[in-house]
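Protein chains in written order, with numbering that gives the first Met the number 0: chain P, 0 to 353; chain H, 0 to 385. In this text, a Cβ means the ideal position worked out from N, Cα and C, and glycines have one as well. Input: a single structure, listed below in structure tokens.
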Amino acid sequence: MSEADALLVDATTRIFQDLCDPQTVNAATDAAWKAPLWQALEESGLTLAWVAEERGGAGASLADGFAIAGLSGRFAVPLPLGETLLAGWLLGVAGLDSPAGAMTVAPSRPRDRLTLTSKGTLQGRALGIPFAGSVETIVALASQDGANHVVHIAAKDCVIQGAPGLSGDGRDAVTFDGVVPLAIASLPDGLGGNCLTLMGAAVRAAQIGGALQEILTMASEYAQERVAFEKPIAKFQAVQHNLARLAGETAAAVAAASSAADTIHTIQGLGDAAFFEVAAAKIRAGEAAGEGAAIAHQVYGAIGFTEEHILHRFTQRLWAWRDDFGNESEWAVQLGEFVADGGADELWPLLASR
Amino acid sequence: MSQAIQFDPIRLPPEAEELRIEVRAFLAEELANGGFDPRATILTSAFDKEFSKRVGAKGWIGMTWPKKYGGQERSFLERYVVTEEFRVANAPTAAHFTADRQSGPVLLKYAPEHIKQEVLPAITRGECTFCIGMSEPNSGSDLFAASTRATPTEGGYLINGTKLWTSNAHQSDFMIGLFRTSPPTKENRRHGLTQFLVRLKQPGITINPVRNMAHKHEFNEVVFEDLFIPEDHILGEVDGAWKQATSELAYERSGPERFLETYYVLTELVRVLGDKPDPRAAEGIGRLVAQVHTLRRMSVSVNGMLQAGKEPVLEGSIVKDVGTIWEQTLPDKARSLSAFVDAEPSNRATFDEVLQYATTIAPKLTIQGGTTEVLRGIIARGLGLR
């Protein structure tokens, strides 16, 4: 993410600090904070960062978008910012314009498939779609006779069965049967049916890295303030070592996610290099999400298990994000098959090529 | 903690990748003409002075050092490529690696000019082996408890005491030793230790073998009895050795050798599981590969940040902590993943042989060069906890 524009990072950080402070959001009794936050994000061009300027977007680089995603993790942003980024990107690569407003993408699970019938209607159901119940637009990948198409759908045309998911942000079941898309365009050559899963997984890995960075900072500070047995718990070696492990997990997630984002940014096209890096990043960040959340909770003790405390805003999203766009097991099977197919003596050249 | 943990996605520069091609060609040629035996490197010994001389002739020892001392003035990222390719090829580098990584840089920084002129070029030619004299019978992780004494005498010091767990001392020409020149002070328990260059092949030094549980002779006990060391062999400040470990430590902790020591197990695991692994095996391989890729990206990143003049001390310690735990758990994961592989194919025997060896040496990986506990203390300090 070193390629990301520093001004954009600063501007994004300021918006989140001002309008999406986890403490304020957690204490809010209504959703009044949502509209000003979304408005600020839209006005700054962050929601359509990955949409070209001629299509009404900000025309930011891929690296910039991943930096925004990382920051959204750092502030546990409970709005479909990452999803809207992805939707805008997907529409853009297919040459379609992005509408205003919040969007999400489908499918988000590697085994869900949507098809486009000869009548031009959609068929299929996708589970665990983030924020489906609270967006205007769903951008989906659907196949027809082996070809992949990007479809722009009005969310109100779908049957949406709401489910809060681990984060409470919504991981909804969406039935697309009979829906007529508002626009259809084919995926360009060079992008396969896995392109959305790849980009989605890279965004989630960046968000996981950001959230882990934040809970590492929070838990380290808390351990220095919280007194037990007559001294700050940070003075206990057992607590120090737990936090050192959290630092290790955070480091691994951040390094893997940055590397995957850099690969997508540098090598356009989402080929084998991107597959390898994204798979590794989603696996390693997913593992770190589980380990890291557990350690942070252990450091915080009972207070971190309350609704009142903000820790759950991060940990529940970490758990949700590790499942979106392929969990560790799903990616590991794919990566393992890829490595096995290349053979034992090709593994090192592959690792060294990255 | 002032700054979030950062790992810039640094890639190796083109000159490093060109060098990789050269290194692979050299290793292929060595293998073809019997220059070294990878299996013997793993199972028997990684010490081969003749091999080190051939590496020296290529200019790959001390390659980041100034040309006037025999170096090549190449970057740390180029050295990185050489280190990782040699490690993965199971090439026998033990005769020169300690000097290349640690002892040479200490001499460069602290030795008087005439010693630099004498010793550094010999290291780069692969003719000169170093060992590290830190641990003692009553001072392991706690280096500042070292009690081997250096007593001033005319023109130098007399050394008395014992170093222990000194790897390769019996095959080394020099040691960089940490000796007590003054007692610690009330204010600073780290005060009073001094680093010296010790010439090992002389009277006053007795080296006794300590065989390890893999039945190898690597460790030694080194006993000093009135050994005279001339004053000009002091490295750095008298009583101030504790100040001398700053950014070198990040290099020492973050290199590829900190997660690739049992890498051969992964190669052989992929081989025995075959090109069509079942989902359980595929998942296992995928998770292991995701880990080693991440570790390598972390390690390259730290080395790139160092090359750029930054001091990623916290990040460097993290690489060693996470990396050594990974290389330690790898044999057990491979054991579990290979459980249903038939004994029939001939490659299972090779896998079993290296797995057995890696299982035996695994315990040392989180002890050598700073234990997990010490590293986590350092990381905790970096986080502002102590």
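Query	Result
Determine which residues share a DSSP beta bridge with L196 of chain H and list them.	H:I175
What three-state label does DSSP hand S257 of chain P in the structure shown?	helix
Answer with yes or no whether the minimum CB distance from G199 of chain P to chain H is below 7 Å.	no
Any contact between the segment 46–58 of chain P and the segment 76–89 of chain P? By contact I mean 3 or more CB pairs, one from each, below 8 Å.	yes
Pick helix, strand or coil for A93 of chain P, following the three-state DSSP scheme.	coil
Using CA coordinates, which residue listed in H:E314, H:H169, H:V269 and H:A249 is at the minimum distance from W347 of chain P?	H:V269
With the cut-off set at 7 Å, would you say E276 of chain P and T262 of chain P are in Cβ contact?	yes
Can you list, in chain order, the residues of its chain with a C-beta nearer than 6 Å to that of W127 of chain P? Leave out the 5 residues immediately preceding and following it.	The identity of residue 127 of chain P in the sequence shown is Gly, whereas the question assumes Trp. Correct list, in chain order: S107, R108 and R170.
Curious, which full-length beta strand (DSSP E) runs of at least 3 residues does the segment 303–333 of chain P contain?	none
Just curious, the alpha helix (DSSP H) that I294 of chain P is in, first and last residue?	D271 to Y299
Using the beta-carbon count (16 or more within 10 Å), is R73 of chain H buried or exposed?	buried
Which residue comes first and which comes last in the alpha helix (DSSP H) that contains L61 of chain P?	L61 to R73
Using a Cβ-Cβ cut-off of less than 8 Å, give me the residues of the segment 320–335 of chain P that come near chain H, in sequence order.	E327, S328, W330, A331, V332, Q333, L334 and G335
Taking its Cβ as the centre, do 16 or more other Cβ atoms sit within 10 Å of D320 of chain H, making it buried, or is it exposed?	buried
Would you kindly check if the distance between the Cβ of H151 of chain P and the Cβ of A182 of chain P is under 7 Å?	yes
If you follow the alpha helix (DSSP H) that Q327 of chain H is in, where does it begin and where does it stop?	V312 to L336
Suppose you measure from the CA of Q170 of chain H to the CA of E77 of chain H; what does that come to, to the nearest Å?	28 Å
Please check if any C-beta of chain H sits within less than 7 Å of the C-beta of G72 of chain P.	no
Look at S354 of chain P and A319 of chain P and say whether their C-beta atoms are less than 7 Å apart.	A query on residue 354 of chain P cannot be resolved here, the shown segment of chain P reaching from 0 to 353 and no further.
Could you please give the first and the last residue of the uninterrupted alpha helix (DSSP H) stretch that includes T359 of chain H?	N346 to I360
Output, in chain order, the set of chain P residues within a Cβ distance shorter than 8 Å of S74 of chain H.	Residues of chain P passing the Cβ test: none, with the nearest at roughly 17 Å.
I need the DSSP call for P13 of chain H, collapsed to helix, strand or coil.	helix
Does the Cβ of E49 of chain H have 16 or more other Cβ atoms within 10 Å, making it buried, or fewer, making it exposed?	exposed
Apart from the five residues on each side of it in sequence, which residues of its chain come closer than 6 Å, Cβ to Cβ, to R225 of chain P?	I232
Tell me, to the nearest whole angstrom, how far the beta carbon of I4 of chain H is from that of Q212 of chain P; I am working on the premise that it is less than 8 Å.	6 Å
Buried or exposed for G268 of chain P, going by 16 or more other Cβ atoms inside 10 Å?	exposed
Is there contact between the segment 324–336 of chain P and the segment 278–287 of chain H, where contact requires at least three CB pairs shorter than 8 Å?	yes
Going by CA-CA distance only, name the one from P:A339, P:N241 and P:F313 that's closest to P278 of chain H.	P:A339
Return no unless some Cβ of chain P is closer than 7 Å to the Cβ of P37 of chain H.	no
S300 of chain H to A256 of chain P, Cα distance in whole Å?	13 Å
Taking Cβ positions only, does I207 of chain P come closer than 7 Å to chain H?	no
Quick check: what's the CA-CA separation for I282 of chain P versus G342 of chain P?	21 Å
When you compare each of H:E84, H:V80, H:M62 and H:H113 to Q101 of chain H by their alpha carbons, which one comes out closest?	H:M62
By the 9 Å beta-carbon criterion, what residues does the segment 254–272 of chain H contribute toward chain P?	Y262, L265, T266, E267, L268, V269, R270, V271 and L272
Suppose you measure from the CA of V173 of chain P to the CA of Q160 of chain P; what does that come to, to the nearest Å?	6 Å
Please list the residues of the segment 185–201 of chain H that have a C-beta atom closer than 8 Å to any C-beta atom in chain P, keeping them in chain order.	none
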